[in-house]
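Q: The structure under discussion is supplied below as structure tokens; questions concerning it will follow.
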Amino acid sequence: MKKYVITVLMLVIGLGTAIAQDWQTDFTEAKELAKTHNLPIVLVFQGSDWCAPCIKLDKEIWSTKEFQDLNNNHFVMLKADFPRKSKNALSKEKQEHNNKLAEKYNPNGYFPYVVVLNSRGEVLGNLGYEKTTPTLYFKKLKAFEK
2 MKKYVITVLM
12 LVIGLGTAIA
22 QDWQTDFTEA
32 KELAKTHNLP
42 IVLVFQGSDW
52 CAPCIKLDKE
62 IWSTKEFQDL
72 NNNHFVMLKA
82 DFPRKSKNAL
92 SKEKQEHNNK
102 LAEKYNPNGY
112 FPYVVVLNSR
122 GEVLGNLGYE
132 KTTPTLYFKK
142 LKAFEK
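Sequence positions in the sequence shown follow this note's numbering and run 2 to 147.
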């Protein structure tokens with residue numbers, strides 16, 4: 002019984018941590034997490050190995066401890082990457098998945114493009130790269146929830 006309780010606690014704690022800043026790459030899974038935990042989704046279209054503003058957004062916002070602390074259980078983070086270098090190429094299935102997401106949510110092909118969605122996949126708002134602080138960027142993302 003004790004092992005069972007410890008296992009359940011570890012799963013619950015692990016799931017909370019996963020939502021905090023674990024990047025999802027599958028839209029269906031992200032929507033399930035969003036529904037289960039009543040959270041919006043932040044969908045990020047990026048070119049991780051060629052798009053300078055994408056790389057800056059990752060370095061200045063997503064990767065900071067400040068943003069990660071603020072985001073603790075506020076958003077399900079979903080990444081749709083479009084790398085160009087062959088060494089970073091995605092699987093055919095993952096590329097098709099990201100292409101479908103782009104057709105629906107980023108038809109103009111902007112990079113970086115950040116779309117805030119509700120758990121049903123409906124658009125609440127969008128942003129791009131901004132030279133700002135992680136706190137201000139987080140507040141802008143949160144403002145779309147209202």
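Even for Gly, the Cβ is constructed at its ideal location relative to N, Cα and C.
(1) With DSSP run on the structure shown, which of helix, strand or coil describes Leu-34?
(2) Taking all protein chains shown into account, decide if Val-124 is buried (16 or more other Cβ within 10 angstroms of its Cβ) or exposed.
(3) Leu-142 and Phe-28 - do their beta-carbons sit closer together than 8 Å?
(4) Should Ile-62 and Tyr-138 be called a contact, given that it needs their Cβ atoms to be closer than 8 Å?
(5) Quick one: give me the first and last residue of the beta strand (DSSP E) that Phe-46 is part of.
(6) Using a Cβ-Cβ distance cut-off of 8 Å, determine whether Glu-61 contacts chain B.
(7) Tell me whether the region 67 to 86 and the region 36 to 43 touch, counting them as touching only if at least three CB pairs, one residue from each stretch, are closer than 8 Å.
A: Considering the structure as presented:
(1) Under the three-state reduction of DSSP output, Leu-34 falls in the helix class.
(2) exposed
(3) no
(4) yes
(5) 42 to 47
(6) Although the question refers to chain B, the structure presented lacks it and comprises just one protein chain.
(7) yes
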